[in-house]
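Q: For reference, the structure I am asking about is given below.
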Amino acid sequence: MINYMKPFKNLYNVATSNKHYLIGASILRIAIGIHIAFTYLVYFTKRHEIWGPNSFYLLDYTKGKFLSLYSFNDSILYFEILYFLGIIINTLYLLGVKTRVVGVLNYIMIYSLYARNPLALDGGNNILIIILFYLMFAEVNRYFSISKGKNTDSNKFSNMFHNCAIFMCLFQVCILYFFSGFAKSQGHMWYNGTALYYILHVDEFTQPFLAQFIINSPVLLTLGAYSAIITQLFFPLCVFNKYLKIPILIGSISFHFVIIIMMGLIQFGLIMIALDILFLTDKEHKKFYMFLKKFKERRLQGGKGKKHIEKMAS
1 MINYMKPFKN LYNVATSNKH YLIGASILRI AIGIHIAFTY LVYFTKRHEI
51 WGPNSFYLLD YTKGKFLSLY SFNDSILYFE ILYFLGIIIN TLYLLGVKTR
101 VVGVLNYIMI YSLYARNPLA LDGGNNILII ILFYLMFAEV NRYFSISKGK
151 NTDSNKFSNM FHNCAIFMCL FQVCILYFFS GFAKSQGHMW YNGTALYYIL
201 HVDEFTQPFL AQFIINSPVL LTLGAYSAII TQLFFPLCVF NKYLKIPILI
251 GSISFHFVII IMMGLIQFGL IMIALDILFL TDKEHKKFYM FLKKFKERRL
301 QGGKGKKHIE KMAS
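1 is the number of the first residue of the sequence shown in the UniProt record's numbering; add one for each residue after it.
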């Protein structure tokens, strides 16, 4: 009986002894803040047409279907107060101020905005609103925050809530990738290697000057289709393997960089890259930082040495 319980005891100790993935959670907080700020600010001049009381998506459509603060009143003043309040709350969240409270408020505000007009979204909002809910229970301001160090409670319950929230984020990403890859593998356009050809002909999500280069290359079209399927389908298996973790993350991050560049889906690509980075442990983040630091030092020393040799030669 004791042997059967040992794995559960070890898991409990891991979950309650320390908070894990703190750096990744902080980076994810910043990415979410930028993502939401993009929504508020890029569409600022068109906010009334998209989300206002006289939007093309009528207030009557949201009543009884979506719970949104914007649906409670059709006053322009009420809309403006909510909209600017959302910007302020998100800015505080981005900066890492009182994230336990501000995180809840930010979730309510952005969920209300999304629910007000579900047609004005690019897909990145779907995973964001799920992840933002989980992060309400996590510590996301330990790093890169103006209030870091003020919310570093380390009791067992706090540790467990944080670690469980992060685990749910990681689990959600794995589910998303697997079923996305599985769905692609069932589509004849994907396994025939022609899916990207048709995607790149959609003017709304294409950069014409880049698309033509890929469209005219059957090799790139096939390689892109199959690499997307393989990366997504095997992501959950590879990301927890110490030998395959970094290669699969590099592949996934590169995939979403291409989506940003080729399709212009900046918000979607940003949130997915941040979620990929979340899989890196704090130790791995610090190792990468030290690698970059040493690389920079070697470059500086090499530059100084080269200048010294040139000076001596002259």
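Glycine included, each C-beta is placed from N, C-alpha and C at the ideal position.
1. Please list the terminal residues of the continuous alpha helix (DSSP H) segment that includes residue 194.
2. At which residues does the alpha helix (DSSP H) containing residue 80 begin and terminate?
3. Using beta-carbon positions only, say whether residue 79 and residue 118 come within less than 7 angstroms of one another.
4. Alpha helix (DSSP H) containing residue 119: first to last residue?
5. Please name the residue in 113, 132, 62 whose C-alpha comes closest to that of residue 86.
6. For residue 77, does the count of other Cβ atoms within 10 angstroms reach 16, so buried, or fall short, so exposed?
7. Using three-state DSSP, classify residue 274 as helix, strand or coil.
8. Tell me which same chain residues have a C-beta within less than 6 angstroms of the C-beta of residue 238, skipping the five on either side of it?
9. Count the CB pairs spanning the segment 30-37 and the segment 262-273 that are closer than 8 angstroms, and state whether there are at least three.
10. Quick check on DSSP: helix, strand or coil for residue 368?
11. Determine the burial state of residue 88: buried for a count of at least 16 other Cβ atoms within 10 Å of its Cβ, exposed for fewer.
12. Taking the alpha carbon of residue 23 as the point to measure from, which residue in 141, 198, 213, 157 has its own alpha carbon closest?
13. Out of 209, 132, 59, point me to the one whose CA is closest to residue 173's CA.
14. The alpha helix (DSSP H) that contains residue 146, what's its start and end?
15. Can the beta-carbon of residue 74 be found closer than 7 angstroms to that of residue 59?
16. If the criterion is Cβ atoms closer than 7 angstroms, does the pair residue 225 and residue 190 meet it?
17. Closest to residue 217 by C-alpha separation, out of 200, 116, 241, 20, would be which residue?
18. Using three-state DSSP, classify residue 162 as helix, strand or coil.
19. For the putative contact between residue 221 and residue 194, defined by C-beta atoms under 8 angstroms, what is the C-beta separation to the nearest angstrom?
20. With a 10 Å radius around its C-beta and 16 neighbouring C-beta atoms as the bar for buried, classify residue 106 as buried or exposed.
21. Please report the straight-line C-alpha distance between residue 116 and residue 71, rounded to a whole angstrom.
22. To the nearest angstrom, how far is the alpha carbon of residue 155 from that of residue 103?
23. Rounding to the nearest angstrom, what Cα-Cα distance links residue 93 and residue 192 in this structure?
24. Report all residues from its chain with a CB closer than 6 angstroms to the CB of residue 211; omit the five preceding and five following residues, and keep chain order.
25. Under a Cβ-count criterion, where at least 16 other Cβ atoms within 10 Å of its own Cβ denotes burial, should residue 275 be classed as buried or exposed?
26. Nearest to residue 229 by CA position, among 214, 196, 126, 134, is which residue?
27. If the criterion is Cβ atoms closer than 7 angstroms, does the pair residue 130 and residue 111 meet it?
A: From the atom records:
1. Translated into positions along the sequence shown, residue 194 becomes position 194. First-last for residue 194: undefined, no H or E at that position.
2. Along the sequence shown, one-based indexing puts residue 80 at 80. It spans 76-95 - the alpha helix (DSSP H) in which residue 80 sits, taken as one unbroken run.
3. Counting from 1 along the sequence shown, the entry for residue 79 is found at position 79. Counting from 1 along the sequence shown, the entry for residue 118 is found at position 118. Using a Cβ distance threshold of 7 angstroms, residue 79 and residue 118 do not count as a contacting pair.
4. By 1-based counting over the sequence shown, the position of residue 119 is 119. Segment: none, residue 119 is in no alpha helix (DSSP H) and carries neither H nor E.
5. In the sequence shown, counting from the first residue as 1, residue 86 sits at position 86. It is 113 whose Cα lies nearest to the Cα of residue 86.
6. Along the sequence shown, read from residue 1 onward, the residue named residue 77 stands at position 77. The C-beta of residue 77 has fewer than 16 other C-beta atoms within 10 Å across all chains shown, which makes the residue exposed.
7. As a working note, residue 274 is residue 274 in the sequence shown. In the structure shown, residue 274 sits in a helix (DSSP, three-state: H, G or I).
8. Position 238 of the sequence shown, counted from the first residue, corresponds to residue 238. Taken in chain order, the residues that qualify are 244, 248.
9. Contact between the segment 30-37 and the segment 262-273 is present, because at least three Cβ pairs lie under 8 angstroms.
10. A query on residue 368 cannot be resolved here, the shown segment of the chain reaching from 1 to 314 and no further.
11. One-based indexing of the sequence shown puts residue 88 at position 88. It counts as exposed.
12. Here the question's residue 23 lines up with position 23 in the sequence shown. For the residues 141, 198, 213, 157, the minimum Cα distance to residue 23 belongs to 141.
13. As a working note, residue 173 is residue 173 in the sequence shown. Here the closest residue by C-alpha is 132.
14. Here the question's residue 146 lines up with position 146 in the sequence shown. Going by DSSP, residue 146 is part of no alpha helix (DSSP H) at all; its letter is neither H nor E.
15. Along the sequence shown, read from residue 1 onward, the residue named residue 74 stands at position 74. Along the sequence shown, read from residue 1 onward, the residue named residue 59 stands at position 59. One thing to note: residue 74 has its Cβ within 7 angstroms of the Cβ of residue 59.
16. Position 225 of the sequence shown, counted from the start, is the residue given in the question as residue 225. Position 190 of the sequence shown, counted from the start, is the residue given in the question as residue 190. Yes, the pair counts as a contact, with Cβ atoms nearer than the cut-off.
17. The residue you call residue 217 lines up with position 217 of the sequence shown. Checked all of 200, 116, 241, 20; the closest Cα to residue 217 is 200.
18. Working through the sequence shown from its first residue, we reach residue 162 at position 162. Of the three classes helix, strand and coil, the one that applies to residue 162 here is helix, per DSSP.
19. Counted from its first residue, the sequence shown places residue 221 at position 221. Counted from its first residue, the sequence shown places residue 194 at position 194. Their Cβ separation, rounded to whole angstroms, is 7 angstroms, which keeps residue 221 and residue 194 in contact under 8 angstroms.
20. For the purposes of this step, residue 106 is taken as residue 106 along the sequence shown, with counting starting at 1. Around the beta-carbon of residue 106, 16 or more other beta-carbon atoms lie within 10 Å, marking it buried.
21. As a working mapping, residue 116 is identified with position 116 in the sequence shown. As a working mapping, residue 71 is identified with position 71 in the sequence shown. As the crow flies, the alpha-carbon of residue 116 is around 7 angstroms from that of residue 71.
22. Translated into positions along the sequence shown, residue 155 becomes position 155. Translated into positions along the sequence shown, residue 103 becomes position 103. Distance between the alpha carbons of residue 155 and residue 103: 21 angstroms.
23. Along the sequence shown, one-based indexing puts residue 93 at 93. Along the sequence shown, one-based indexing puts residue 192 at 192. Going by the C-alpha atoms only, they are around 44 angstroms apart.
24. Here the question's residue 211 lines up with position 211 in the sequence shown. So the qualifying residues of the chain are 200.
25. Within the sequence shown, numbered from 1, the residue matching residue 275 stands at position 275. It counts as buried.
26. In the sequence shown, residue 229 corresponds to position 229, counting from 1. Taking only the C-alpha atoms, the option nearest residue 229 is 196.
27. Stepping through the sequence shown from its first residue, residue 130 is reached at position 130. Stepping through the sequence shown from its first residue, residue 111 is reached at position 111. No, they are not a contact pair.
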